[in-house]
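Below is one structure; the comments refer to it alone.
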Amino acid sequence: MSDTAILQNHLFVGAVLFALGLIGFLVRRNVIVMFLCVELMLQGVALSLVSWSRYHGDWGGQMLVIFIITVAACEAALGLALVWIMAQRGGSLDIAIWQTLRERDQAPYTDREVPEEDRSVEDWPQLTPAGVEPVHPREEDMYRSHV
Amino acid sequence: MFEAISLRTLLILIPALPLSGAILTAIFGPAILRRQSHWPTVLGLAASCICSLMLAVKWQGQLPQDGKAGQGVEEVVTLWEWVGIPQAYAPSPATGLAAIAATENHAPLDFRIDVSLRIDTLTATMLVMVTLISTLVAVYSVGYMHGDEGYWRFFSYLSLFVFSMTMLVTVSNFVMLYVFWEGVGVCSYLLIGFWYRNPAAAAAGKKAFLVNRVGDFGFALALFLMWMTYGSLSFHDTDTVAGVLGARRFAGELSFVGGGVGTAICLLLMAGACGKSAQFPLHVWLPDAMEGPTPVSALIHAATMVTAGVYMIARCMPLFVAAPQAAWVVAWIGAGTALMAGLIALTQFDLKRVLAYSTVSQLGYMFLALGMATLGGVTAGMFHLFTHAFFKALLFLGAGSVMHAMGNVIDMRRFGGLRHRLPITHATFAIGCLALAGIFPLSGFWSKDAILAAVHDQAHATGASSYRVLYGMAMGTAFLTAFYTFRAFFMTFYGPQRIPEEAGHHAHESPKVMWIPLVVLALFAALVGPMLEWTHAFAHWLQYTPSLAMMAQAAGATGAPAAFHWDVAVTSTAVAVAGVALAAFLYLGHRREVAALQYVFRFGWMNPSEAPSDWESASPHAAAVANVTRPGGHPTVTGHCPSDHPSGSHGHEHGPGLLALPARLLKAVGCGLWSLLTLPLWLGQFVSPYQMSHSKFFVDEIYDVLIVGPLRGLAHISYVLDRVLVDGLVNGVGGLPVRLGGWLRKSQRGFVSLYGLLTVVGMVLVVVVSFWWGV
Amino acid sequence: MARLLLQTLALPFLAALLMPIVARLGDRAVRAWTLLVTLVTLTLTVSLCRGYLQESPGTDGFAVSDVAWLSSHATEMPLVADGATGPGTAIWDIRFHVGLDGLGLWLFALAPVLMLTSILVSWEAIQDRPAWFYGMLLLLQGGCLGVFAARDLILFYVFFEFTLLPLFFLIGIWGSEQREYAATKFFLYTLAGSLFTFLGLLAIVLWHYQQVGVLTFSIPALTAGLTEHPIAPFGLQLAIFLALFAGFAIKVPLFPLHTWLPLAHVQAPTAGSIFLAGVLLKIGTYGFLRFSVPMLPDATAACAPALLWLSVIGILYGALVALAQTDIKRLIAYSSVSHLGFCMLGLFALNRIGSSGSVLQMVNHGISTGALFALVGMLYERYHTREISAWGGLARRLPVLSCFMFLFTFSSIGLPLLNGFAGELLVLVGMFQRAWQGQLAEPFTQLKWIAVLSVVGVVLGAWYMLWLVQRVFFGPLREPHGIHGVPVRDLNWREIAALVPLAVLAFWIGIYPQLFLRPIQPAVDALTHEAQGRWEAVDRPPLADRQAFLLRRSR
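Here it is, written out as structure tokens:
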């Protein structure tokens, strides 16, 4: 097989991966599935980058893919953490229950029934307050286990 | 000493002295001089007057002594370059105007305006007249304005005015003429509004300024057209360019522009002159200007400033000769104004307003003379300007003297029989009246006669009927002049003595400082005319003015102005005497004005209470009038002459000297006058001629309705449009981003999949578009 | 002299920077400091003007200094696709290039004079955060000086936009009731226009680069280059002209784009009004004369009749609307619209007389309207109202103020021997020459109508100003209620000192305008020469093209 044919095949697979990911991202409502679809799109792009890189004999594309994988890993960690919290808060993984960022006078988007948001848990995660560090009791500092 | 002062120094000193007087008065007047604030002004004006006389004498010495006319002499002193823009105007050869000098290698013309002073006989004449009268008026004002809180202000303005006026007649280009034209306008504005706390005075000042601005609009347009046509705005030739009225133009190198452009220039100049000299469409400001102090009325609004228009047209006479249609219009405007103002003056009760309308009328006379566009006409017009300045200033100052004694009351119905109380005023006023009426041998007779002769000559020379009509109008005006002048004189000084309560117990003759100028002016008013006219000295002297000299040469005249016509002189004297006699008949002895005039003008059916006045009701004839004026209650307009009526013949018994008059002449004149006055009545039957005259032919009201009102309305409409439409559009455009944002806001649904979809759509669009354009 | 100019430019900015330190010494120190700095600036400016008049450098710049500012000698900018005409690379070279010429000289000099008036007028009126106020005023002055001295396009634009900021704060913080609205409107309106201007200016630079091969922002170089290589398709030139027009015409303001002006004037503090009317408006006309006319001569010649119409409509409309005002400040603001119409009229008459007169008229308007706003400010300080109907007969109560009011009213209505007349006369003569040249005997063309109507504006101008004077200063004394407790004083020495320089200038220009015209005339002539030639070309093939183009567009 010629280089061109190999490139074409690789690009085709990359495009199929990207398209599948795209369609999946648009049509699914489960947050985790959507997240996976995004990863799929990334991999499609990465594949085409690698194939171009091989075709041109240039390492730049492959280097970029390494970056993408790294970033995707970080992103996956962060993203899944957020998803977990959201799932904990809302009691559901349906993306449709998180429409609170819409403009005030807009009705929420519903194609079918939106599950009721679970408002039983009210302890929102909180960031450490900024500012001067609070004063700790001396004994506690002295006997902290991890020091 | 006399020889040591050069012409140049004199020319500069004449305006500079009043200017320094004005500045000194303004600086030291309020705090230091106070009651002595008149000194800088009086001294400055007197010195300026002496300089003018010296200048005139010196200039006389410089004139060619052979006495041959047609030789102009001028001298120009250039002080500094006011504006100079080199090579500003390249006249297109396509216009084919012979008015612009073909400069060397067709270089464009410079737009250059110098502050330059000129001396020629016309200027010298005006300078002498202006400074002499202003000095006398300033002296008079020392008494008249005594005790006024704006004492220093008055003298400062007065000096400033004299500075502007002397500059006006001295400068040697049209722009500077315009400059000082407006300059005297401002001084007039300030002096009319001198008693600014009186709203009428403030309004009159504004009106004067604005009406003059309308005239100046024409003057400015004329100036611009002249620049385009002649490529210069100087009177005199300069090294590079031929002036508009310069010698090169007369030498035959270049011509004056006639035709449409020439006529337009002249008519626009005339518009300017009409504004300043209060001629027909723009005469409305002058009577209102009487709100100013009386010396101001005498100096500015009778003798000097209002004659600036006449001076300007006389100066530009060659242009008018080249555009005869324009000259014809000048003549008609002049004659029409003279007649109209005379008619209005017949019924005014305000002494100063009678004189104001008389000024308008006399200025119309001068315009008529200038409109002949002949040498005789111009010299006659200027001569009348010269003599009129003296006797009208005298009359105004006399009126001021009366006002002074009457506690500022000026309504003639409220005083009378003052001849014993004010003997000097009475005597000088009489001389002024006789001069104004044109009675032999006082000044007015000679100058008025010169004008009539000029019109008469022109009528004969052209054979055009329009000049005959003009002649008739001039004669009619002469009659009216004599009548209203003596009506005022008799009402003021004769009859039973009546003094208004405002005068208190001190109704006495004015102080010396006031009556001495009166006497001096009376001497001038009596003597200037015969002395100058007997030998035609004035006309000869004036012919050394370059433009007039060239005119004379072009006309092939022998240098003699309009000859003295015995028939004209006799007719005009007869008419004037008739006018005086009619006035005497109506106002001397028993006052029959109400009876006769109401019959003549009101036709009885008008409501006699429409012009209520205590004087009328006090008349012994009031009851009789009521009977006469209500013949049937049905409005009828009949063609009877007043003298046919029993009431008129009733007057014969008391009228002194009436029988001595040729009754037929009186009757003819009366009939003519009467039918003219009734003309509007025939047309409309809605207002009586008396009312027409008394309310000044409603010109002010017409202007209010036709011009002022609509413009004010337009102003308010514009403002509303500005807020609603123009600003509305701006705010609308400014609101667009807000509205667009409001619309786009709807896409913010907070639903992640939707955002994803939009992203994809955008991406697809980018791809499609980039493929489309092949990027 | 170059150093003198740099000092003059730097002084206000440095003084403003030092203001926080001076502010610690108290309000009196702030005022004294600003006054001192302004007096020094004024002295420097006067010596610059004297130097200019002595050297009379013609059309070249005077006191030019030129240093690299934002330059990069290393960056290559492959801007030209086909290297046929240009070398294909450029050096990005924005320079701090300043100097004076006849066009900018008097406008430059006007800023410190009006600054002096502004300070003295605000002396007691501004009690709220004076340090900030005078700091802003100094910055504004610096910006105005910079605009008229800049000889680099980007530098010009920087100063051009910079002037908005201090005035925005001056109006927004120290203004009257509607100050926020006025400040926002003023800022957004002018900014919206000037962004288009920026695009147009950049297009000019790029065109020059494409044709000549040198990427320069130097205004003289651009002018010279574009004279040799005029922007070629007329449509492009027209588009650039309109882009420049957007900014400059709003700044002037030309007739339909004027509505920000009365609002801004009425709401601004007195000093802001003085500066706005006196200097900032002139930037618009200055911009036209500096950029549009010399660099885009074809489009200028084609658009001139339309602009003349807008000017004359502005003259009449401004005068009429002024006649309908009840607010004294708004009346004067609308009179500004009318007067700036005269400036534009003379400018686009595009001949020596008209354009020179226009520049003179810009200076005149700065003097007379600046002084009128100062006087209105003094009235406001005394009576706390701007309603014309609230006053009457003030000539008795305030004789000195009335004297000045008369003087500047007369100057504003173009009375001879005062400054307004000389400019107005030249503008009108120029316009007449434009209208009548070569068609003396022909029937009325549109240009002739414009010329005649503009003279009507002079009559209307006298009407509204004299009406104002009559209502406020003549008649029986009438004063607003509620001030009877404190007797109203006439002008004190400080206020007289604020007005006297302007009065002296008014007389000086009126009596000897040639002194002021002498530098203006050659500079303006050089700038308008090209466009004038285009307009007057006897056989006009380009005109036919232009008309064809416009017709095509209109379809």
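Chains as they are written, first to last, in my numbering: chain A, 48 to 194; chain B, 137 to 911; chain C, 299 to 853.
Yeah, the Cβ is synthetic: ideal placement off N, Cα and C, and Gly gets one too.
In this text the structure is predicted, and so the values were computed from the model without any measurement.
From the DSSP secondary-structure annotation, give me the bridge partner or partners of residue 450 of chain C. C/516
How long is the line joining the alpha carbons of residue 830 of chain B and residue 318 of chain B, rounded to whole angstroms? 31 Å
List the residues of chain B that residue 93 of chain A touches, going by C-beta distances under 9 Å, in chain order. Neighbours of residue 93 of chain A on chain B: none; closest Cβ ~18 Å, over 9 Å.
Residue closest to residue 680 of chain B, alpha-carbon to alpha-carbon, out of B/416, B/451 and B/720: B/451
With which residues is residue 225 of chain B paired in a DSSP beta bridge? According to DSSP, residue 225 of chain B bridges with B/245.
Counting only C-beta atoms, is residue 541 of chain B closer than 8 Å to chain C at any point? no
Using the C-alpha atoms, what's the distance from residue 655 of chain B back to residue 171 of chain B? 25 Å
Excluding the five sequence neighbours on either side, which residues of its own chain have a C-beta within less than 8 Å of the C-beta of residue 446 of chain B, listed in chain order? 409, 413, 499, 502, 503, 506, 517, 518 and 521
Starting from residue 634 of chain B, follow its DSSP beta bridges and name the residues at the other end. B/552
Rank C/391, C/475, C/682 and C/668 by C-alpha distance to the C-alpha of residue 786 of chain C and give the top, closest one. Out of C/391, C/475, C/682 and C/668, C/682 has the C-alpha closest to the C-alpha of residue 786 of chain C.
Do residue 78 of chain A and residue 71 of chain A have their C-beta atoms within less than 8 Å of each other? Judged by beta-carbon spacing, residue 71 of chain A lies beyond the 8 Å limit of residue 78 of chain A, meaning their Cβ atoms are not closer than that value.
Taking the continuous alpha helix (DSSP H) assigned at residue 184 of chain B, which residues delimit it? 174-198
Quick check on residue 893 of chain B - is its C-beta less than 8 Å from some C-beta in chain A? yes
Using only the alpha-carbon positions, how far apart do residue 667 of chain C and residue 483 of chain C sit? Cα-Cα distance, rounded: 22 Å.
Identify every run of the alpha helix (DSSP H) within the segment 303-353 of chain C, keeping only runs that are complete inside it and at least 4 residues long; order them along the chain. Listed in chain order, the complete alpha helix (DSSP H) runs (minimum 4 residues) inside the segment 303-353 of chain C are 325-353.
Determine which residues share a DSSP beta bridge with residue 392 of chain C and list them. Beta-bridge pairing by DSSP links residue 392 of chain C to C/368.
What are the boundary residues of the alpha helix (DSSP H) that includes residue 341 of chain B? 335-366
Of all the residues that make up the segment 415-426 of chain C, which are near chain B by a beta-carbon distance shorter than 9 Å? none
Can you give the Cα-Cα distance for residue 100 of chain B and residue 464 of chain B, rounded to whole angstroms? Since the first and last residues shown for chain B are 137 and 911, residue 100 of chain B lies out of range.
Along the alpha helix (DSSP H) that carries residue 677 of chain B, what are the first and last residues, could you check? 673-678
Quick one, which of B/299, B/306, B/308 and B/210 has its alpha-carbon nearest residue 321 of chain B's? B/299
Determine the chain A residues that contact residue 877 of chain B at a beta-carbon separation under 7 Å, and present them in chain order. None at all; the shortest Cβ gap to chain A is about 11 Å.
Would you kindly work out how many angstroms separate the C-alpha atoms of residue 225 of chain B and residue 845 of chain B, rounded to a whole number? Whole-angstrom Cα-Cα distance: 41 Å.
Assign residue 141 of chain A to one of three DSSP states: helix, strand, or coil. strand
Indicate the three-state DSSP secondary structure (helix, strand or coil) for residue 965 of chain B in the structure shown. Only positions 137 to 911 of chain B appear in the structure, and residue 965 of chain B is not among them; the question remains open.
Quick one: give me the first and last residue of the alpha helix (DSSP H) that residue 648 of chain B is part of. 648-669
If we call anything under 8 Å between Cβ atoms a contact, is residue 756 of chain C one with residue 360 of chain B? No; because the gap between Cβ atoms is not below 8 Å, this pair is not in contact.
What do you reckon, are the CB atoms on residue 642 of chain C and residue 552 of chain C nearer than 8 Å? yes
Going by beta carbon distance, what residues of the same chain come within less than 7 Å of residue 166 of chain B, once the five residues before and after it are set aside? 288
Would you say the segment 619-635 of chain C touches the segment 646-662 of chain C, given that touching needs at least three Cβ pairs under 8 Å? With the cut-off at 8 Å, the segment 619-635 of chain C and the segment 646-662 of chain C do not touch.
Span separating the alpha-carbon of residue 595 of chain C from that of residue 386 of chain B: 43 Å
With a threshold of 8 Å between beta-carbons, can residue 474 of chain C be considered close to chain B, or not? No, residue 474 of chain C lies away from the interface with chain B (no Cβ there is under 8 Å from its Cβ).
Quick check on residue 77 of chain A: does DSSP put it in helix, strand or coil? strand
For chain A, check one thing: does any of its Cβ atoms lie closer than 8 Å to the Cβ of residue 342 of chain B? No, because no Cβ of chain A sits closer than 8 Å to the Cβ of residue 342 of chain B.
Around the Cβ of residue 882 of chain B, are there at least 16 other Cβ atoms within 10 angstroms (buried) or fewer (exposed)? When all chains shown are included, residue 882 of chain B counts as exposed.
Buried or exposed, going by whether 16 or more other CB atoms sit within 10 Å of the CB of residue 426 of chain C? exposed
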